[in-house]
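*Asks:* Could you have a look at this structure, given as structure tokens, before my questions?
Residue numbers (our numbering): 1057 to 1351.
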């Protein structure tokens, strides 16, 4: 097999709207996701002894609890191959942060192994991704997309690459399932203007995008962790044009009007919070993605 190194980008939710509960116990949602440049790196190398997953973060599990391990095992079963591979994850995306890091790592595993094994069956790859989790299908391609159902029915939208962003993570994880469980549908009356957001993205109108940000999970997460609201206030005080919690949190992102505001955020907030990143939105993942290396 080949040696391969690829990136697994994070995402932000520009919109996350709760529509109701489904018969299967999940929530029916509408979400607009966009990949960003902050990313993990996965390195694939041959290993005679079977599948092994390691990570630079010791708290990340190495076995069946790891979504990368499950992704490799499931794809190997589908492809009828023995997964003789060592996958090393270099994590930069914080854990359980609302940025989709685990799902992106799983999708990167599917992309990487399908290339290494020369197994290119798009419909089956999508089915494997869907079986692994709601966000995993989105990360097979990345860019910008509308997610329906549990968020796993993906409709690709135009990307709006290069929007400068600040990401602030307060340093603790939030379990997605717990946040959804505590969500009251009575608190989610404000509706997302999906058509307006689609036009704003197509027009690359950052101001209009900022005016239509919405996350129904914010109320729940802020009630449990008021520091999320504090981060939003501090970002606005630094001069960002719009702020929102991503996913189930606790990471907050802000749209940056210029480099001066980015510098102000670094100076004021870097010593206060566990994670402060200046990044940007990026386009779809493809065969020529930056950072992909083969040996």
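We treat Cβ as the ideally placed atom computed from N, Cα and C, and that holds for glycine.
Using beta-carbon positions only, say whether residue 1216 and residue 1273 come within less than 7 Å of one another.
*Replies:* No. Outside cutoff.
*Asks:* Compute the beta-carbon to beta-carbon distance between residue 1325 and residue 1224, rounded to the nearest angstrom, for a pair I have assumed lies under 8 Å.
*Replies:* The pair is a contact, with the Cβ atoms about 6 Å apart (cut-off 8 Å).
*Asks:* The beta strand (DSSP E) that contains residue 1165, what's its start and end?
*Replies:* Taken as a continuous stretch (DSSP letters only), residue 1165 belongs to no beta strand (DSSP E), being part of the alpha helix (DSSP H) at 1157–1172.
*Asks:* Does DSSP put residue 1122 in a helix, in a strand, or in coil?
*Replies:* Here residue 1122 sits in coil by DSSP.
*Asks:* Short of 8 Å in beta carbon distance, which residues of its chain neighbour residue 1115, apart from the five on each side in sequence? Order them along the chain.
*Replies:* Taken in chain order, the residues that qualify are 1151.
*Asks:* Could you check the C-alpha separation between residue 1284 and residue 1321 for me, to the nearest Å?
*Replies:* Cα-Cα distance, rounded: 16 Å.
*Asks:* Which residue or residues does DSSP assign as beta-bridge partners of residue 1300?
*Replies:* Answer is 1309.
*Asks:* Between 1213, 1141 and 1060, which has its C-alpha nearest residue 1104's C-alpha?
*Replies:* Nearest option by C-alpha distance: 1141.
*Asks:* If you drop the 5 nearest sequence neighbours on each side, which residues of the same chain put their C-beta closer than 6 Å to that of residue 1310?
*Replies:* Closer than 6 Å at Cβ, skipping near neighbours: 1222, 1291, 1296 and 1299.
*Asks:* For residue 1093 and residue 1160, which I take to be in contact (beta-carbon distance under 8 Å), what is that distance rounded to the nearest angstrom?
*Replies:* Contact flag wrong, Cβ pair sits at about 12 Å.
*Asks:* Considering residue 1275, what are the terminal residues of the alpha helix (DSSP H) in which it resides?
*Replies:* Note, residue 1275: alpha helix (DSSP H), 1274–1280.
*Asks:* For residue 1321, which three-state DSSP category applies?
*Replies:* If DSSP states are grouped into helix, strand and coil, residue 1321 belongs with the helices.
*Asks:* Would you mind reading off the limits of the beta strand (DSSP E) that contains residue 1071?
*Replies:* First-last of the beta strand (DSSP E) with residue 1071: 1060–1077.
*Asks:* What span of residues does the alpha helix (DSSP H) with residue 1291 cover, start to end?
*Replies:* Residue 1291 -> alpha helix (DSSP H) spans 1283–1294.
*Asks:* Have a look at 1145, 1185, 1205 and 1155 and flag the residue whose alpha-carbon is nearest the alpha-carbon of residue 1131.
*Replies:* Nearest C-alpha to residue 1131: 1185.
*Asks:* Give the DSSP-derived three-state secondary structure of residue 1195 in the structure shown.
*Replies:* Of the three classes helix, strand and coil, the one that applies to residue 1195 here is helix, per DSSP.
*Asks:* So, at 6 Å on beta carbons, what are the nonlocal neighbours of residue 1082 in its own chain, with the 5 sequence-adjacent residues on each side left out?
*Replies:* So the list reads 1206, once near-sequence residues are dropped.
*Asks:* On the DSSP letters alone, give me the boundaries of the alpha helix (DSSP H) that residue 1110 sits inside.
*Replies:* Here residue 1110 belongs to no alpha helix (DSSP H); instead the beta strand (DSSP E) covers 1108–1111.
*Asks:* So residue 1251 is in the alpha helix (DSSP H); what residue range does that whole segment cover?
*Replies:* First-last of the alpha helix (DSSP H) with residue 1251: 1250–1258.
*Asks:* When you compare the CB positions of residue 1123 and residue 1302, do they come within less than 7 Å of one another, or not?
*Replies:* Contact: no.
*Asks:* Can you tell which of 1192, 1091, 1068 and 1305 has the C-alpha that lies nearest to the C-alpha of residue 1126?
*Replies:* For the residues 1192, 1091, 1068 and 1305, the minimum Cα distance to residue 1126 belongs to 1192.
*Asks:* Distance check for residue 1228 and residue 1113, CA to CA, integer angstroms please.
*Replies:* One C-alpha to the other measures close to 15 Å.
*Asks:* Roughly how far, in whole angstroms, is the beta-carbon of residue 1070 from the beta-carbon of residue 1196, given that I think they are within contact range, below 8 Å?
*Replies:* The Cβ separation is near 19 Å, so there is no contact.
*Asks:* At the level of alpha carbons, what is the spacing between residue 1019 and residue 1096?
*Replies:* With the chain represented from 1057 up to 1351, any question about residue 1019 goes unanswered, as that position is not in the structure.
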